[in-house]
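Residue numbers (my numbering): 547 to 633.
All C-beta atoms in this analysis are idealised placements derived from N, C-alpha and C, irrespective of residue type, glycine included.
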């Protein structure tokens, strides 16, 4: 799986402000908060795409539609591998 840009930004922010399982938010400036917000938004959208496709895959499996399952699996692979052409 290739990382999404939002994952790199979140990791960079954690390296800069992280302390164990806590985040030293009192040291963050306005730009840091903007980066955190943008990264969390992008991550949420990415996760929601995967969750939606997983639910669709379950529906396809229950319905016995192997063609639809294959289409969903291909789309999930494009998203997870961060490949061009994903929707």
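From which residue to which residue does the alpha helix (DSSP H) around residue i run?
i           : result
residue 598 : 576-609
residue 554 : 551-563
residue 570 : Taken as a continuous stretch (DSSP letters only), residue 570 belongs to no alpha helix (DSSP H), as it is neither H nor E.
residue 612 : 612-626
How long is the line joining the alpha carbons of residue i and residue j, rounded to whole angstroms?
i           : j           : result
residue 558 : residue 622 : 26 Å
residue 583 : residue 613 : 38 Å
residue 602 : residue 628 : 20 Å
residue 619 : residue 588 : 21 Å
residue 565 : residue 585 : 19 Å
residue 522 : residue 563 : Outside the displayed range of the chain (547 to 633) lies residue 522, so it cannot be described from this structure.
residue 572 : residue 578 : 11 Å
residue 580 : residue 626 : 25 Å
residue 560 : residue 551 : 14 Å
residue 604 : residue 567 : 34 Å
residue 591 : residue 548 : 16 Å
Kindly indicate which residue of the options has the alpha-carbon position closest to the one of residue i.
i           : options          : result
residue 606 : 561, 615 and 581 : 615
Tell me which residues share the same chain as residue i and place their Cβ nearer than 6 Å to its Cβ, disregarding the 5 neighbours each side in the sequence.
i           : result
residue 611 : none
residue 569 : 563
Examine chain C for any beta-carbon lying closer than 8 Å to the beta-carbon of residue i, and answer yes or no.
i           : result
residue 564 : As a matter of chain content, chain C is missing from the structure shown, which is built from one protein chain.
Tell me which same chain residues have a C-beta within less than 8 Å of the C-beta of residue i, skipping the five on either side of it?
i           : result
residue 599 : 618, 621, 622 and 625
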